[in-house]
Structures are given as structure tokens and as C-alpha cells.
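Encoded as C-alpha cells, the structure appears first; notes follow it.
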Amino acid sequence: MSALVPRPHDVVRGVRDVVGWTVATTALVASLPGRIGALLDEVEALVERIDLVTRRADHVVTRAALATVEVETVVVDTARLSATAQELLDLYAPLAARAAPLAARFVDEIGEDEVHAAVALIDYLPELTVRMTAIMPILATLDTVAPEIHELLEVVKDVRQAIQGVPGFSFFRRRGEARDT
Numbered sequence: 000m001s002a003l004v005p006r007p008h009d010v011v012r013g014v015r016d017v018v019g020w021t022v023a024t025t026a027l028v029a030s031l032p033g034r035i036g037a038l039l040d041e042v043e044a045l046v047e048r049i050d051l052v053t054r055r056a057d058h059v060v061t062r063a064a065l066a067t068v069e070v071e072t073v074v075v076d077t078a079r080l081s082a083t084a085q086e087l088l089d090l091y092a093p094l095a096a097r098a099a100p101l102a103a104r105f106v107d108e109i110g111e112d113e114v115h116a117a118v119a120l121i122d123y124l125p126e127l128t129v130r131m132t133a134i135m136p137i138l139a140t141l142d143t144v145a146p147e148i149h150e151l152l153e154v155v156k157d158v159r160q161a162i163q164g165v166p167g168f169s170f171f172r173r174r175g176e177a178r179d180t
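The sequence shown stops at residue 180 when you use numbering that gives the first Met the number 0, and every number in between is there.
See below:
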């Protein structure tokens, strides 16, 4: 039976252990409100940071959606422009292939002075157009004037022969030749 009754030494040790546990538990319980308050402060700060990250993520998502719309517009425009460019290339490629040797020859043979002259000529084209419009009716009648000019030349030849046949004309001619020399 003696084993069932604790000795005073065992009782003191048991009481000391219970008192130590009670003090530790009391200290833990006493520190809990401060630790819980600090933990709540950290949780609130973490929630604010999460809220900020969420707002930024929403902003990024909105901007990404806008960028996606812009990119889709660019893709559609680019596809349209590419199709138009391909049509133009298909249309003008044979012409460009035929014109390439002529263009190369033109570039090889034309000089800077000729380019300046061409530019100057282009500057005069409006005035030249007005003057040509005025001259064209006259040029159209030149085919009828040619026979009249031939007749006039024949008359002048006849007059010259007649004047040469006038007595004393040789004297005037020699005198005129003497003055010229």
C-alpha cells in the first residue's frame, strides 16, 4: 500500500509542476490578447495589400482587354492592307518587270543637268499649253498656206529676173557690192 500513497517529496514535485504549468499557461493566456491584436493588425495590412493587388490586377486586365481590342483592330487593318498590297503587286509586277530595264537605262543615261532642264520645262507647261492652244488654229491652216508661199516665191523670182533685165541694174548691183566690202 505504500506504493499508493505518495511521498511528501513526490507531492511537492507534483505541486511544483502544476504551479509551473499554471504560471506558463497564465502567461500564455495573458499574452494572447496582445498577440491576437498584432496578428489582426498584420491580417488587416495583408488584406489591404491583397486589395491593392486585386485593384491593380483589375486595372491590368482592363488595359489588356483594351490592348486586345486595339490589336484586333490592327490585325484586321493589316490584313486588309496586306490584301490590297498583294492585289497591287499582282497587278503591277509584270509591268514593273517590263519597265525595269527601261528605268535602269533612264537612270544610267540621264544627267543632273537634264533633270534640271526637265523640271524647268515642267514649270513652263501651263504657259506652253495656253500658247499652243492659241497657235493650233493657225497651224491647222498651214497646209493651205504652203502652195501660196510657193506661188509667192515664183513671183519673187520673176520680179528678180525682170529687175535684172532692166538697163543699168548691173551698175547698181556693183555699187552695192562695193559698199558691202
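Ideal Cβ positions, reconstructed from N, Cα and C, are used throughout, including at glycine.
Note to self: Any beta carbon of chain C sitting closer than 8 Å to that of Thr25?
What the structure shows: No chain C appears in this structure, which consists of one protein chain only.
Next item on the list: Please say whether Phe170 and Ile162 have beta carbons closer to each other than 8 Å?
Entry: With contacts defined by Cβ atoms closer than 8 Å, Ile162 and Phe170 do not form a contacting pair.
Notebook entry, point to check: If you run the structure through DSSP and keep just helix, strand and coil, what is Leu3?
Noted result: coil
Next item on the list: Return helix, strand or coil for Ile109, following the three-state DSSP convention.
Entry: It is coil, neither helix nor strand.
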